[in-house]
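Position one of the sequence shown corresponds to residue 1283 (the numbering used here), numbered consecutively onward.
Glycine included, every Cβ here is placed at the ideal spot set by N, Cα and C.
A short write-up of the structure that comes next.
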Amino acid sequence: YTAAENTTYDKEKLKKQVKALNCAQKENQVAPENAYVAYGDSQFEIVPETEGSKLDLKNAYNVLSEAVSGNKTSVDFDSEPDVYVKADITSDNPDLQASLNACNNFTKASITYTFGDETETLDGNTIKDWLNFDEKGQLIMDDTSFRQHIADYVAQLAAAHDTVGTEREFQTTSGRTVSVYGSAYGWQIDQASEVAQLTQEIQSGTQTTREPVYSMTANAHGYNDIGNTYIEVDLSEQHMYYYQDGVNIFESDFVSGNMSYADRQTHAGIFTLYYKKSPDVLRGGQKGTANYYEQPVQYWMPFDGGIGFHDADWRDEFGGDIYLTSGSHGCINLPPENAEVLYDLIQYDVPIVCFY
């Protein structure tokens, strides 16, 4: 004789038993951790997810229910992959892989800036710290934050290497060491243009060596950015020199701005030539008043607003102390023959160093 067994059980009680299991208690469960992107030894990599031991109670009940129905005496949850809660982000997640590729493209970039003999390199070791990730380890494409990091970096470059608006020591022909200020001369990084170029190079993973984008350049890098080609205008000595590659190629006495009037004194500073014109008519003062003048000149070379070099054929003498009481309206008055020589020599990018 054969007999078939027909076993039934209370499913609600089974559910309660599942919830009462030791491994189902909150304090005994470890949640799974998502895979995420992290920086390794030299590049970003995906850190795999961890499984944890947090039960999926619904699936755990189903496994136990089948075991009871099948008259099994034991169940191995570890061999049942659906019993435990899975990580939301796994290593093969396409979005995570895209974040990895983007991060490694950013950090592949290496831009070496040259400042004469000095260099400064921006590479992945710095760029990696500019990237933000969410709690799931995915890259947050926050363009505003990333651009701000780039802008801050460029601003630091400018603070360290710009010379416009700074004072530098200058060794005069007469043997003095004077301090000269350059608001219109020196190195100045064009920060907006540099940020735009640097952003593009980082995003494309560019590796290059170059100078930054400048809005103003000087003759040389380093301590003496004036270089060896310059025009020296010694306002105290009333004498000027033109040095080219360290060689004196021109010099002349002159008469500068009248020191008896504050608004006529020639400004000290470092300048460059605006343009040159021959002939021209210089005009000053307010038209219709006693201080208005029109003065024809053969050679006009402005470099500081309305101040410049020009010939002064109405003067019989130059140099000495003439400028103290009988100086010009601010211009550098030159003997006509010397003004002609300077007009032919002067170049637009040559610094004009004026000092007392």
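Asked	Found
6 Å Cβ shell around N1530 - same chain, five flanking residues per side excluded	Y1523
contact_flag[the stretch 1409-1419, the stretch 1380-1392] where n(CB pairs < 8 Å) is 3 or more	yes
CB of T1455 within 8 Å of CB of E1514, strictly	yes
Environment of Y1625 [buried if 16+ CB atoms lie within 10 Å]	buried
Classification of N1288 by the beta-carbon crowding that lies within 10 angstroms, buried from 16 upward	exposed
Under 8 Å between C-beta atoms of E1333 and P1314	yes
K1340 (DSSP reduced to helix, strand or coil)	helix
Residue nearest to R1429 in terms of C-alpha spacing, selected from S1351, Q1473, S1610 and G1570	Q1473
Cβ pair G1528, N1506 closer than 8 Å	no
Beta strand (DSSP E) runs wholly inside the stretch 1561-1631, at least 3 long, in chain order	1562-1566, 1575-1579, 1582-1586, 1589-1593 and 1614-1616
Beta-carbon gap between Y1463 and G1587 smaller than 8 Å	no
CA-to-CA distance, S1347 to K1293, given in whole angstroms	8 Å
Member of Q1580, S1461 and H1521 whose CA lies at the smallest distance from the CA of P1561	Q1580
Backbone CA spacing between D1358 and Q1379 [nearest angstrom]	34 Å
Helix, strand or coil at H1549 according to DSSP, with G and I counted as helix	coil
Minimum length 3: unbroken beta strand (DSSP E) runs contained in the stretch 1306-1340	1318-1321 and 1326-1329
Three-state secondary structure assigned by DSSP to K1295	helix
E1514 - DSSP class collapsed to helix/strand/coil	strand
Secondary structure of F1637, DSSP reduced to three states	strand
Under the three-state DSSP convention, the category D1374 falls into	coil
Coil, strand or helix - K1559 by DSSP	strand
As assigned by DSSP and simplified to three states, the class of T1454	coil
Sequence-distant residues of the same chain with beta carbon closer than 7 Å to S1427, five excluded per side	N1414
Short Cβ contact (8 Å threshold) for A1433 with V1495	no
Same chain, Cβ closer than 6 Å to E1611, neighbours up to 5 away in sequence not counted	Contrary to the premise, residue 1611 reads as His rather than Glu in this sequence. Once the five neighbours on either side are set aside, the close Cβ partners of H1611 are R1546 and G1566.
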